[in-house]
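Protein chains in written order, with our numbering: chain A, 25 to 355; chain B, 3 to 306.
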Amino acid sequence: MTTYAVRRILQAIPLLLVISFVLFAILQVLPEKPWDLLLRNPRMTAADRARLLAYYGFNQPFLTQYLTYMRNLLHFDLGFSYFSHQTTVSLIAERLPNTALLMGTAYIFTLLVAIPIGIVAAVRQYSKLDNFLTTGAFIGISLPQFWFGLMLIILLSVLPYQHLGFRLFPTDGMWDSGHEGNLAHLNLGDPLNLAWHLVLPGIVLAVQSIAQYSRFVRSSMLDVLGQDYIRTARAKGLSQLRVVVRHGFRNSLLPLITLMGLDVPQLFAGALITEQVFTWPGMGRLFWESAGKGDYQVLLGIMIILAVLVVLGNLIADLAYGWADPRIQYR
Amino acid sequence: MINPTLEQSELPPGAGQLVPDYDLTREIGYYQLVWRRLLRHRLAVIAGGYLGPLLLPMRWDEPDLFNRYAPPSFPHVMGTDDLGRDLFKRILEGGQVSLAVGVLAMLVTIVLGGLIGALAGYFGRLADNAMMRFTDAVLAIPQIFVLILIIASFRQAGHTPAVIIFAIGVTSWPYTARIIRSVVLSIREKEFVEAARATGSGNWKILARHVLPNALGPIMVAATLTIGFAIILESALSFLGYGLGPPIASWGGMLFNANAFIYDAPYAPFAALFPGLMILIAVLCVNFVGDGLRDAFDPRSFER
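Right, here's the structure in full:
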C-alpha cells in the first residue's frame, strides 16, 4: 500500500510537468501574447517596450522562461497580475475558499440525492419508478447548467418578486450587504445568510452530478445485489431493508469514490458557469474576469492550480479506494 | 416474405411465420442492416425528424422597438426579445447556427481524436504511452477554462464562427481519442489483421483498409455524442460572452441577452425559457440518435 502510494505520487509529478509545459506552450502559440497587456499604453516608445519586455524576462528563449516559471513555482510564486498588481497567489487564495465551499455543497447535495435515487432505482429495477428516474437522469445529463440556473432564478426569485414583492432565494453574491464575511480570512460573516445564498448555486452545480451518480449507484447496486453474499443474507432470513442497507448499500458505494475523484475537473467547469450565473466570487469568476482583461499570468496560475487539484483529487480517490475496500490488492 | 421461388409445399410448416419481416432471399449489406436497426429505434428517428427541419433556411433579425418583450401571441408565437425581435425566428436561426457549429466542431474533433487514438492504439508501446500521457495532461485541465483562454486571445480577430469551431475542436479530442484507441486496440488483435499482415500489407494499409473501417461504428457513435457536447459547449461559451457575438443568433447568446434583462419586464422570462429548452431538446435528440446508432451497430448492447 505504502509503496503503491509512493509510486502514484511519483507518477503524478511528471504528469504535472507535462501539463504545465503544455499550458506554457499554448500561451506562446495563441495570437494574443501574455505580455500584450503590458504594452497597451500608446505613448510608449519602442525602446520602452523593449525595456519592459526585458524587465519581465519576455525577451528570453521559451525554455528559459519556462524554467524560470517552474523555479518560481517551487517557491509558490505564480507571478503577479499585470492589471491589479497583486500576486496571483493572493488573488487565487482570496477566491479558492469560495469555490471550495460551493463545490463541497454540491458534493453533499449530490450524495444526499443521488445515492437514495440510485438504490431505489436498482431495488425496483424496470419498474415505472425506475423508468421515470432513468428518463430524469438522461435529461439531467443533457441539461445546460446555466439555463437551469436561469430557470431557478426566474421561478424562485423573479416571479415571486414581481407578484409577491419578495424573493425566495437571493441570486447574487455570497452575503447580503451588512452580513459580509471573508472565507479566506476564516470569517463566515452571517452563516445563515451565507447558507441561504448557497442553496441555488449548490443545486445548479449538483444537478449534472446527481444524474450521473444516480446512474452509477444504480448499476453498481445491481451488480452487488447479484452477488452470492446477498443471496446468503437473504437465505439467513434477513429483511429486505436489512439486506439492501447493511449488505448491498455499503459495498455498492465503494466505486463511487473513484467517480468522485474523476469528477473534479467537471465540477470545476460547472463551478465556473454557476459562479457566472449567480455572480459568486469564486475562482471560475476570477478566471473569467482575467480572461476579459487579458491578464495571462492569473489565467496561467489558475490553470496550474486547477491541474494540481485535479491530479490530487484522482490520487486521493485511488488511495481512498484501496483503504476502503480491503479486497483491492495493490502491487 | 417467404421465398417466392419455392413451392409452398417445399417449406416446412410455419416457416413463413417465424421470420415474417425478412426477405430471406435478398442479401442485405452490413450498413443496410445497421440502417434498419436504427429505424427500429423509434426515438432516434423521431429525434432525427426534429433536427431535420432546423436546417431549413429562414430570415431573421427584424428589430421592432415598439414591441419589446411581447408575450407569446399570434404573430410572435414565442414572444419578442429586448429589441422586439421575434423569438421564434431567432430560435430557428440559432438552431441552424448551433447545429452547424456542433457538426463542424465534431469533424475537427473526430479527425484529431481519430488520428491520435488510432495511431496510439495501433502502434502501441512508446507511441501509445506518449500519446496517452499527453491526453491525460490535456484532460486534467477543465475544458471550459482552456476554451475561454483560447477564445479570449482571439480578441483582435473577433469571435468568428471559425475561431469557436477551432477552439471546441482542439479541446474536445482527448475524449474521442480514448474511445477510438480502445476500439483499435481490440481490432488490432483480430485474425483478419493478422491475415492482412501475413499477405504482406504494410502498417498504413492495414490501418486504413482493415482497422478503421471496422472501427466505424464506435467512431460514428462517438461523433454523434460529440455533436451534443459541442452544442452545449457553444451555448455555454455564448452565455459567458465568449461565443458567437451579435448579430449572429445563437441559443446561448439569446440566453446571455435574456439574463441581462431578467428583472425588467413581466414577459422577459419567456426569452430565457425557450432558447434553453431548445438546447435541452436538441442535445437530448442528438444523444438519442447516438444511442440508436450504438444499438444499431452493436446489437449485443441491446441486453435489456
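Even glycine gets a Cβ: it sits at the ideal position worked out from N, Cα and C. Only a predicted model underlies this, so the values are computations on that prediction, with no experimental measurement involved.
Identity of the residue in Arg92(B), Pro176(B), Val105(B), Leu106(B) nearest Ile118(B) by Cα: Counting from 1 along the second sequence, the entry for residue 118(B) is found at position 116. Closest in alpha carbon position to Ile118(B), among Arg92(B), Pro176(B), Val105(B), Leu106(B), is Pro176(B).
Going by alpha carbons, who is nearest to Met127(A) out of Leu333(A), Asp349(A), Leu339(A), Gln321(A)? For this step, residue 127(A) is matched to residue 103 along the first sequence. The option with the nearest alpha carbon to Met127(A) is Leu333(A).
Arg190(B): first and last residue of the uninterrupted alpha helix (DSSP H) it sits in: Position 188 of the second sequence, counting from 1, holds the residue named residue 190(B). It spans 163 to 190 - the alpha helix (DSSP H) in which Arg190(B) sits, taken as one unbroken run.
Cβ atoms of Ala36(A) and Leu335(A): under 8 Å apart, would you say? Reading the first sequence from its first residue, position 311 is the one you call residue 335(A). Reading the first sequence from its first residue, position 12 is the one you call residue 36(A). Here the sequence assigns Val to residue 335(A), which means Leu is not the residue at that position. Against a cut-off of 8 Å, the Cβ pair of Ala36(A) and Val335(A) comes out as a contact.
At which residues does the alpha helix (DSSP H) containing Ala122(B) begin and terminate? One-based indexing of the second sequence puts residue 122(B) at position 120. Unbroken alpha helix (DSSP H) run through Ala122(B): 89 to 125.
Which whole-angstrom value describes the C-beta separation of Leu227(B) and Asn289(B), a residue pair presumed to lie in contact below a C-beta threshold of 8 Å? Position 225 of the second sequence holds residue 227(B). Position 287 of the second sequence holds residue 289(B). Your pair Leu227(B) and Asn289(B) checks out as a contact, with CB atoms roughly 7 Å apart and the cut at 8 Å.
Which residue from Glu204(A), Gly226(A), Val322(A), Ala235(A) puts its Cα closest to that of Ala117(A)? Counting from one through the first sequence, the residue named residue 117(A) turns up at place 93. Closest by alpha carbon: Val322(A).
So what's Val104(A) in DSSP terms, helix, strand or just coil? The residue labelled residue 104(A) in the question sits at position 80 within the first sequence. In the sequence under discussion, the amino acid at residue 104(A) is Phe, which differs from the Val named in the question. Note: Phe104(A) maps to strand in three-state DSSP.
How long is the line joining the alpha carbons of Val110(B) and Thr173(B), rounded to whole angstroms? Translated into positions along the second sequence, residue 110(B) becomes position 108. Translated into positions along the second sequence, residue 173(B) becomes position 171. C-alpha separation (whole angstroms): 10 Å.
On the three-pair Cβ rule with 8 Å, is the region 212 to 223 of chain B touching the region 269 to 283 of chain A? no
For Arg61(B), count the other beta carbons within 10 Å of its own beta carbon; 16 or more makes it buried, fewer makes it exposed. Which is it? Within the second sequence, the letter at position 59 stands for residue 61(B). Legend: pLDDT at Arg61(B) = 47, less than 50; position of this residue unreliable, no value from coordinates given.
Mapping the DSSP letters down to three states, classify Asn217(A) as helix, strand or coil. The residue given as residue 217(A) occupies position 193 in the first sequence. Three-state DSSP puts Asn217(A) in a helix.
Assuming the contact rule is C-beta atoms closer than 8 Å, Met307(A) and Ile326(A) should be a hit. Round their C-beta distance to whole Å, please. For the purposes of this step, residue 307(A) is taken as the residue at position 283 of the first sequence. For the purposes of this step, residue 326(A) is taken as the residue at position 302 of the first sequence. Right, their Cβ atoms sit about 6 Å apart.
Output, in sequence order along the chain, the residues in the region 136 to 155 of chain B whose CB is closer than 9 Å to any CB in chain A. Phe136, Asp138, Ala139, Val140, Leu141, Ala142, Ile143, Pro144, Gln145, Ile146, Phe147, Val148, Ile150, Leu151, Ile152, Ile153, Ala154, Ser155
On the three-state DSSP scale, how would you describe Asn206(A)? Here residue 206(A) refers to the residue found at position 182 of the first sequence. DSSP, reduced to helix, strand and coil, places Asn206(A) within a strand of the structure shown.
Could you tell me whether the region 177 to 186 of chain B touches the region 112 to 128 of chain B, where touching means 3 or more Cβ pairs closer than 8 Å? yes
Just the chain C side, please: which residues come within less than 9 Å of Gly318(A) by C-beta, in chain order? The question asks about chain C, but that chain is absent: this structure's protein chains are A and B.
Using the beta-carbon count (16 or more within 10 Å), is Leu157(A) buried or exposed? On the first sequence, residue 157(A) is found 133 positions in, with the first residue counted as 1. Classification of Leu157(A): buried, given that the 10 Å Cβ count is 16 or more.
On the DSSP letters alone, give me the boundaries of the alpha helix (DSSP H) that His187(A) sits inside. In the first sequence, residue 187(A) corresponds to position 163, counting from 1. First-last of the alpha helix (DSSP H) with His187(A): 183 to 187.
I'd like to know if the region 335 to 352 of chain A and the region 147 to 156 of chain A are in contact, where contact means that at least 3 CB-CB pairs between them fall below 8 Å. no
Residue-level contact to chain B via CB, Met175(A), 8 Å cutoff: Taking the first residue of the first sequence as position 1, residue 175(A) is located at position 151. At least one chain B Cβ lies under 8 Å of Met175(A).
Excluding the five sequence neighbours on either side, which residues of its own chain have a C-beta within less than 7 Å of the C-beta of Val148(B), listed in chain order? Taking the first residue of the second sequence as position 1, residue 148(B) is located at position 146. So the list reads Thr173, once near-sequence residues are dropped.
Report yes or no: is there a C-beta of chain B within less than 8 Å of the C-beta of Glu313(A)? Counted from its first residue, the first sequence places residue 313(A) at position 289. Not closer than 8 Å to any Cβ of chain B, the Cβ of Glu313(A) fails to qualify, so no.
Name the residue from Val267(A), Val301(A), Gly294(A) whose alpha carbon lies nearest to the alpha carbon of Ala260(B). In the second sequence, the residue the question calls residue 260(B) occupies position 258. Taking the Cα of Ala260(B) as reference, the smallest distance to any Cα among Val267(A), Val301(A), Gly294(A) is reached at Val301(A).
Can you pull out the residues from the region 271 to 301 of chain A whose beta carbon lies closer than 8 Å to at least one beta carbon of chain B? Pro289, Gln290, Phe292, Ala293, Leu296, Ile297, Gln300, Val301
Where the alpha helix (DSSP H) containing Asn261(B) begins and where it ends: Position 259 of the second sequence, counted from the first residue, corresponds to residue 261(B). Element bounds for Asn261(B): 253 to 262.
Within chain A, the residues that Val285(B) reaches when beta carbons sit closer than 7 Å: Here residue 285(B) is taken as the residue at index 283 of the second sequence, counted from 1. Under the 7 Å cutoff, chain A gives Ser166.
In or out: Leu8(B) buried (at least 16 other Cβ within 10 Å) or exposed? By one-based count along the second sequence, residue 8(B) stands at place 6. A caution first: Leu8(B) carries a pLDDT of 48, below 50, which makes its placement in the model too unreliable to give a value.
Can you list, in chain order, the residues of its chain whose CB lies under 7 Å from that of Gln236(A), leaving out five sequence neighbours each side? The sequence position of residue 236(A) within the first sequence is 212, counting from 1. Same-chain partners within the cutoff: Ile165.
Is the distance from the Cβ of Gly226(A) to the Cβ of Phe107(A) below 8 Å? By 1-based counting over the first sequence, the position of residue 226(A) is 202. By 1-based counting over the first sequence, the position of residue 107(A) is 83. No.
Determine, for Phe241(B), whether the minimum Cβ-Cβ distance to residues of chain A falls below 8 Å. For the purposes of this step, residue 241(B) is taken as the residue at position 239 of the second sequence. Closer than 8 Å to some Cβ of chain A, the Cβ of Phe241(B) qualifies, so yes.
Please report the residue range of the alpha helix (DSSP H) in which Phe45(A) lies. The residue given as residue 45(A) occupies position 21 in the first sequence. Here the alpha helix (DSSP H) through Phe45(A) covers 26 to 53.
Amino acids of chain B, ordered along the chain, whose beta-carbon sits closer than 9 Å to that of Met127(A): Start at 1 with the first residue of the first sequence, and residue 127(A) comes out as number 103. Within chain B, no C-beta atom comes less than 9 Å from the C-beta of Met127(A); the nearest is roughly 12 Å away.
Under 8 Å by Cβ, that's how I've got Asp200(A) and Asn211(A) pegged, so tell me the actual separation to the nearest angstrom. Taking the first sequence and counting its residues from 1, the one referred to as residue 200(A) is at position 176. Taking the first sequence and counting its residues from 1, the one referred to as residue 211(A) is at position 187. Their Cβ separation, rounded to whole angstroms, is 15 Å, which puts Asp200(A) and Asn211(A) out of contact at 8 Å.
Please confirm if Ala145(A) has its CB atom under 8 Å from at least one CB of chain B. Sequence index remark: in the first sequence, residue 145(A) carries index 121 (1-based). So no, Ala145(A) is outside the interface.
Measuring straight from C-alpha to C-alpha, what distance separates Gly171(B) and Leu151(B)? Here residue 171(B) refers to the residue found at position 169 when the second sequence is read from its first residue. Here residue 151(B) refers to the residue found at position 149 when the second sequence is read from its first residue. C-alpha separation (whole angstroms): 14 Å.
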